[in-house]
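S.K.: Got a structure here, written out as C-alpha coordinates. Questions coming.
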Amino acid sequence: MRIYAIGDIHGYSAELARAHRLIAADRERTGDGAATVVHLGDLCDRGPDTRGVIDF
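Residue numbers for the sequence shown follow this note's numbering, so the first one is 1 and each next one is one higher.
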(Lines of atoms letter the chains of each structure in order from A and count residues from 1; the text may use other names and numbers.)
(Lines give C-alpha, C1' and ligand atoms only; values in the text may rest on other atoms or scores of the structure.)
Protein backbone atom coordinates (compact mmCIF):
# COMPACT_ATOMS: atom_id res chain seq x y z
CA MET A 1 0.00 0.00 0.00
CA ARG A 2 1.27 3.43 -0.91
CA ILE A 3 1.22 6.48 1.32
CA TYR A 4 1.43 9.94 -0.21
CA ALA A 5 2.57 12.81 1.99
CA ILE A 6 1.94 16.44 1.06
CA GLY A 7 4.00 18.93 3.02
CA ASP A 8 3.56 22.59 3.86
CA ILE A 9 0.97 24.02 1.46
CA HIS A 10 0.99 27.47 3.14
CA GLY A 11 -2.23 28.69 1.53
CA TYR A 12 -1.37 27.82 -2.09
CA SER A 13 -4.55 26.15 -3.34
CA ALA A 14 -3.34 25.75 -6.94
CA GLU A 15 -0.33 23.75 -5.76
CA LEU A 16 -2.55 21.66 -3.50
CA ALA A 17 -4.86 20.85 -6.41
CA ARG A 18 -1.86 20.01 -8.60
CA ALA A 19 -0.46 17.64 -5.95
CA HIS A 20 -3.80 15.85 -5.75
CA ARG A 21 -4.00 15.56 -9.56
CA LEU A 22 -0.52 14.00 -9.63
CA ILE A 23 -1.46 11.60 -6.85
CA ALA A 24 -4.69 10.64 -8.63
CA ALA A 25 -2.76 9.93 -11.83
CA ASP A 26 -0.21 7.81 -9.95
CA ARG A 27 -2.93 5.91 -8.12
CA GLU A 28 -4.60 5.11 -11.42
CA ARG A 29 -1.31 4.12 -13.03
CA THR A 30 -0.42 1.77 -10.16
CA GLY A 31 -3.96 0.55 -9.51
CA ASP A 32 -3.60 1.43 -5.83
CA GLY A 33 -6.99 2.98 -5.13
CA ALA A 34 -6.57 2.30 -1.41
CA ALA A 35 -3.49 4.52 -1.10
CA THR A 36 -3.51 6.98 1.76
CA VAL A 37 -2.95 10.73 1.37
CA VAL A 38 -1.55 12.54 4.40
CA HIS A 39 -1.26 16.32 4.78
CA LEU A 40 1.68 17.44 6.91
CA GLY A 41 2.73 20.84 8.09
CA ASP A 42 1.07 24.19 7.59
CA LEU A 43 -1.97 24.21 5.34
CA CYS A 44 -2.82 27.86 5.90
CA ASP A 45 0.00 30.31 6.45
CA ARG A 46 1.55 33.07 4.35
CA GLY A 47 0.03 32.05 1.01
CA PRO A 48 -2.47 33.89 -1.16
CA ASP A 49 -5.46 31.53 -0.91
CA THR A 50 -6.03 30.13 2.55
CA ARG A 51 -9.78 30.00 1.89
CA GLY A 52 -9.22 27.96 -1.27
CA VAL A 53 -7.09 25.45 0.63
CA ILE A 54 -9.76 25.03 3.30
CA ASP A 55 -12.52 24.72 0.67
CA PHE A 56 -10.52 22.10 -1.22
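Beta carbons are placed, not taken as given, at the ideal position from N, Cα and C, and that holds for glycine. Predicted, not measured: the structure shown is a model, and the values here were computed from it.
Classify V38 as buried or exposed, calling it buried when 16 or more other Cβ atoms lie within 10 Å of its own Cβ.
M.R.: Within the sequence shown, the letter at position 38 stands for residue 38. Flag for V38 reads exposed.
S.K.: Taking only the alpha-carbon atoms, compute the straight-line gap between D45 and G11 and give it to the nearest angstrom.
M.R.: By one-based count along the sequence shown, residue 45 stands at place 45. By one-based count along the sequence shown, residue 11 stands at place 11. D45 and G11: Cα-Cα distance of roughly 6 Å.
S.K.: Using a 10 Å radius around the Cβ and a threshold of 16 neighbouring Cβ atoms, would you call G7 buried or exposed?
M.R.: Here the question's residue 7 lines up with position 7 in the sequence shown. Exposed is the call here.
S.K.: Going straight from the alpha carbon of M1 to that of D32, what length do you get?
M.R.: The residue you call residue 1 lines up with position 1 of the sequence shown. The residue you call residue 32 lines up with position 32 of the sequence shown. Those two C-alpha atoms are separated by around 7 Å.
S.K.: Tell me where the alpha helix (DSSP H) around A17 begins and ends.
M.R.: Walking along the sequence shown from the start, residue 17 turns up at place 17. Taken as a continuous stretch (DSSP letters only), the alpha helix (DSSP H) holding A17 covers S13 to T30.
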